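Please read the structure below before turning to the comments.
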Amino acid sequence: MAAFLARNAVDCLPRGALAERLAQGRALRVKLGLDPTAPDIHLGHTVVLTKLREFQDAGHTVVLIVGDYTARVGDPSGRSATRPVLSGEQIDANAETYRRQAAKILHTDERLEVRHNAEWLDMSMEELFRLVRHPTVAQLLERDDFAKRWAAGEPISLLELLYPVLQGYDSVCVRADVELGGTDQTFNLLMGRAIQQAYGQQPQVVLTTPLLTGTDGVQKMSKSFGNQIGVTDAPGEMYGKTLRVGDAQIAPWFSLLLGAEPPAGAGARDAKRALARALVTRFHGDAASAEAESGFDRVFIAHELPDDIAEAVVRAQGPTLHLPAVIAEVFGRSRSEARRTLAQGGVRLDGEALAAETLDVPVAELDGRVLALGKRQFRRLRVE
Numbered sequence: 010m011a012a013f014l015a016r017n018a019v020d021c022l023p024r025g026a027l028a029e030r031l032a033q034g035r036a037l038r039v040k041l042g043l044d045p046t047a048p049d050i051h052l053g054h055t056v057v058l059t060k061l062r063e064f065q066d067a068g069h070t071v072v073l074i075v076g077d078y079t080a081r082v083g084d085p086s087g088r089s090a091t092r093p094v095l096s097g098e099q100i101d102a103n104a105e106t107y108r109r110q111a112a113k114i115l116h117t118d119e120r121l122e123v124r125h126n127a128e129w130l131d132m133s134m135e136e137l138f139r140l141v142r143h144p145t146v147a148q149l150l151e152r153d154d155f156a157k158r159w160a161a162g163e164p165i166s167l168l169e170l171l172y173p174v175l176q177g178y179d180s181v182c183v184r185a186d187v188e189l190g191g192t193d194q195t196f197n198l199l200m201g202r203a204i205q206q207a208y209g210q211q212p213q214v215v216l217t218t219p220l221l222t223g224t225d226g227v228q229k230m231s232k233s234f235g236n237q238i239g240v241t242d243a244p245g246e247m248y249g250k251t252l253r254v255g256d257a258q259i260a261p262w263f264s265l266l267l268g269a270e271p272p273a274g275a276g277a278r279d280a281k282r283a284l285a286r287a288l289v290t291r292f293h294g295d296a297a298s299a300e301a302e303s304g305f306d307r308v309f310i311a312h313e314l315p316d317d318i319a320e321a322v323v324r325a326q327g328p329t330l331h332l333p334a335v336i337a338e339v340f341g342r343s344r345s346e347a348r349r350t351l352a353q354g355g356v357r358l359d360g361e362a363l364a365a366e367t368l369d370v371p372v373a374e375l376d377g378r379v380l381a382l383g384k385r386q387f388r389r390l391r392v393e
């Protein structure tokens, strides 16, 4: 069972510790901490959430810690600069969203325990002094991102230094047997072992999972990098974004997100379509997956208009409208970008490409018609 639960993991530390803990014959407490610093769970998060689900299926208890308190600090893992602190209202709203979306993957019965670390981190100064006497500044500066910033003479706040200590104390308060996290969390997870030991607990097993590369094929998936696919993205959007990933990402995405291999003998195009279908099915169901694929084919292969085109209201001040201004307004672009796209033939009206010199258009020629920017963005215009 230990080998099964550790499959696809990057590290399981210390070696052999998971098998020893499982041999105790009891339900383990398996911890995952999520700081609600963004409102949506994306596919990158599901790698570790799926591993948690495997522990649940084996009869163990998942302890999902919503880091509402530590979100006020901000996890600096992988960051080169201090992160902005969120407001209490943002944290509360994002925490609720995390809980709701995590339920798409995790069992929500007695095998799931959801805790907020504000329960125990709103501590007295005496308790804080007891906690921070265990790790040393030298230990904390061993962390790669801190070491780089220190060497470069860049500031590191005391709050940031406290972050891994507070995360480690979470493990003490929920008596974690195992803690999961991405490879960028290894230092923090090992700090949890040290803090538990200082409080007289058996140190947790550390299990790290790979980081999913985002749609750009370069950096880890993150909303901060704009390369994410959210688990609540519309089926068509999820399908289309998946088809845009690089060929080198196909096999890792199949493995990490679906626990499978690409279809044998399939070319990159067919493998991506299979991947996109499977992901949409997982989060939205078979019917939504089939509709997403057929909708994609209608729009991008048969060049038909999509069924669900959003309406955009444009206000006219005279008998004509300046087309670059309309494009900029309804698609959220700058006027210079709108003019450039128009000059490149990337703007269509009811399927017909507009000439580069098309600038001022009579209101009657725009009202009720579909304006398309590139291949993927459509708005039905209503002129008032």
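Going by this note's numbering, 376 is the number at position 367 of the sequence shown; the sequence numbering is gapless. C-beta atoms are modelled at their ideal positions from N, C-alpha and C, and glycine is treated no differently. Being a predicted model, the structure only gives us computed values, none of them experimental.
task: Would you list, in sequence order, the uninterrupted beta strand (DSSP E) runs of no fewer than 3 residues that lie entirely inside the segment 93-137?
output: For the segment 93-137, whole beta strand (DSSP E) runs of length 3 or above, ordered along the chain, are 121-125.
- prompt: Under the criterion of a Cβ to heavy atom distance below 6 Å, does L221 qualify as lining the ligand GDP?
  reply: Although the ligand GDP was asked about, the structure shown includes no ligands whatsoever.
query: Could you check where the alpha helix (DSSP H) with L380 kicks off and where it finishes?
result: Boundaries around L380 are those of the beta strand (DSSP E), 379-382, since no alpha helix (DSSP H) includes it.
message: My assumption, with CB atoms under 8 Å, is that A347 sits in contact with A362. Please give the rounded CB distance.
response: No, A347 and A362 are not in contact; Cβ-Cβ is about 15 Å, not under 8 Å.
- prompt: Smallest Cα separation from A8: which of R158, V72, A15, E270?
  reply: No answer is possible for residue 8: the residues shown for the chain start at 10 and end at 393.
L73 - partner residues in DSSP beta bridges: BP columns for L73 point to L41, V123.
message: Can you check which of these residues, Q210, L37, V215, Q205, is closest to G191 by C-alpha distance?
response: For the set Q210, L37, V215, Q205, the Cα lying nearest the Cα of G191 is the one of V215.
- prompt: If you draw a straight line from the C-alpha of D256 to the C-alpha of E169, how long is it?
  reply: Approximately 38 Å, taken between the alpha carbons.
- prompt: Exposed or buried, what is D77 when buried is set at 16 or more other beta-carbons lying within 10 Å of its beta-carbon?
  reply: When all chains shown are included, D77 counts as buried.
- prompt: How many angstroms separate the CA atom of E320 from the CA atom of R357?
  reply: Cα atoms of E320 and R357: separation of roughly 16 Å, rounded to the nearest angstrom.
task: Note down the Cα distance separating G177 from D242, rounded to an integer number of angstroms.
output: C-alpha separation (whole angstroms): 33 Å.
In DSSP terms, what G190 is bridged to: Paired residue(s): T217.
message: In whole angstroms, give me the CA-to-CA distance for L351 and L382.
response: Between L351 and L382, the alpha-carbon positions lie close to 9 Å from each other.
- prompt: What is the residue span of the alpha helix (DSSP H) that Q386 lies within?
  reply: Judged by DSSP secondary structure, Q386 falls outside any alpha helix (DSSP H) and instead within the beta strand (DSSP E) spanning 386-392.
query: Under 7 Å, do Q110 and V289 count as touching if we go by C-beta distance?
result: The beta carbons of Q110 and V289 sit no closer together than 7 Å.
CB-CB length for E151 against T70, believed under 8 Å: Under the criterion of beta carbons closer than 8 Å, E151 and T70 do not qualify as touching, at roughly 32 Å.
message: Quick check on the DSSP output: what are the complete alpha helix (DSSP H) runs of length 4 or more inside the segment 307-386, in order along the chain?
response: Within the segment 307-386, the complete alpha helix (DSSP H) runs of at least 4 residues are 332-340, 344-352.
task: Could you please give the first and the last residue of the uninterrupted beta strand (DSSP E) stretch that includes L252?
output: Annotation for L252: no beta strand (DSSP E) segment contains it, though the alpha helix (DSSP H) segment containing it runs 244-252.
task: Kindly indicate the opening and closing residues of the beta strand (DSSP E) around D394.
output: As shown, the chain starts at 10 and ends at 393. That puts residue 394 outside it, with no answer to give.
task: For the segment 142-210, list the beta strand (DSSP E) runs that are entirely contained and at least 3 residues long, ordered along the chain.
output: Taking 3 residues as the minimum length, the beta strand (DSSP E) runs contained wholly in the segment 142-210 are 187-191, in order along the chain.
- request: Return the bridge partner residues of L22 from the DSSP annotation.
  value: Its beta-bridge partners are V215.
message: Distance check for L284 and F309, CA to CA, integer angstroms please.
response: Spanning the two alpha carbons is a distance of roughly 18 Å.
- prompt: By Cβ distance, which residues of its chain are closer than 7 Å to I114, with the 5 residues on each side in sequence left out?
  reply: Excluding sequence positions up to five before and after I114, its CB lies within less than 7 Å of the CB of T55, L58, T59, R62, all in the same chain and listed in chain order.
field: Contacts around D44, its chain only, beta-carbon distance under 6 Å, and the 5 residues preceding and following it disregarded
entry: Cβ within range, chain order: G76, T79, A80, D84.
- prompt: With DSSP run on the structure shown, which of helix, strand or coil describes G239?
  reply: For G239, the three-state secondary structure derived from DSSP is strand.
query: Pick from G226, G25, A207: whose alpha carbon is nearest that of A260?
result: Closest in alpha carbon position to A260, among G226, G25, A207, is G226.
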